[in-house]
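Heads up, the sequence shown is in the working numbering, so the first residue is 33 and it goes up one at a time.
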Amino acid sequence: MAASSRVSRAHFIDPAETALDPALVARDGERAVKAVPYEGAGARDSRRAAAAGFTLIELFATMTIVLLLTAVALPVARVQVQRQREVELRRGLREMRLAINQYKDFSDRGLIPVKADTLGYPPDLDTLVKGVALSGMATGNYKFLRRIPVDPMAGTKDWGLRSMQDDPDSTSWGGQNVFDVFTRGTGKALDGTNYADW
């Protein structure tokens with residue numbers, strides 16, 4: 033094999049390739065050998081170092097992009113959680129207020145005996161869950177609520193109550209009847225209103 037001192041390895045090629053670059057080809061019997069110029073250890077190490085550096089830059093760029101996306105996604109997720117809690121609050125208030133109104137309607141029609149000082153409203157929220165015997169109903173109680181919903185803002189079933197005799201913006205319950213319910217949770221909604229005013 034005829035090769036210069038600068039050739040460190042040989043690459044066997046197809047004889048048809050010899051016409052393309054005859055200067056780099058030496059003859060070794062029937063096989064054509066393509067001479068590859070010598071690359072010292074320093075050249076290989078510098079290419080590896082450049083490739084490793086490039087990978088480190090890519091890593092920093094990727095981490096920066098991920099951190100930016102996280103910084104954008106966290107407030108959006110926080111608003112989504114708050115919006116879901118507000119939906120649950122509205123649903124719970126609507127459910128209890130409909131039950132109170134239905135109790136009052138039954139009372140006004142004479143289906144429920146009216147107790148003194150209740151003005152036809154339920155005496156407490158438990159009465160809506162336990163139910164009352166309706167006149168003309170042979171057995172059992174008519175239930176207005178399956179259960180008292182959990183207040184999503186306070187995390188308990190302890191809702192704020194107002195009786196018919198209380199002031200409209202009162203935060204303490206007189207105890208005569210249940211005219212209205214509100215959350216005991218504090219804070220402002222996404223629309224800027226107070227949860228307690230809902």
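Glycine included, every Cβ here is placed at the ideal spot set by N, Cα and C. Quick caveat: nothing in here was measured; it's all calculated off a predicted structure.
At what residues does the beta strand (DSSP E) containing Leu193 begin and finish?
Bounds of the beta strand (DSSP E) holding Leu193 are Gly192 to Arg194.
Return the Cβ separation of Asp183 and Arg141 in integer angstroms, given the expectation that the two are a contact with Cβ distance under 8 Å.
Here Asp183 is actually not in contact with Arg141; their C-beta atoms are around 31 Å apart, not less than 8 Å.
With a CB to CB cut of under 8 Å and the five nearest residues on each side skipped, what residues in its chain are close to Ala165?
Gly172, Asn173 and Tyr174
Rounded straight-line distance, which links the Cα of Leu100 to that of Ile128:
First, the residue type needs correcting, since residue 128 is Met and not Ile in the sequence shown. Approximately 43 Å, taken between the alpha carbons.
Considering Val161, what are the terminal residues of the alpha helix (DSSP H) in which it resides?
Looking at the DSSP string, the run of the alpha helix (DSSP H) that includes Val161 is Leu157 to Lys162.
For Val12, report the span of its beta strand (DSSP E) as first-last.
The chain is shown from 33 up to 230; residue 12 falls before or after that span and cannot be answered.
Go ahead and label Asp212 buried or exposed: buried means 16 or more other beta carbons lie within 10 angstroms of its beta carbon, across all protein chains shown.
buried
Is the CB-CB distance between Ser195 and Tyr153 below 9 Å?
yes
What is the rounded straight-line gap between the Cα of Asp137 and the Cα of Leu143?
Approximately 9 Å, taken between the alpha carbons.
DSSP state of Thr218, grouped into three classes?
coil
What residues are listed by DSSP as bridge partners for Asp183?
Thr188
Hey, how far is the Cα of Gly187 from the Cα of Gly163?
25 Å
Might you give, ordered along the chain, the residues of its own chain that have their beta carbon closer than 6 Å to the beta carbon of Leu130, omitting 5 neighbours on each side?
none
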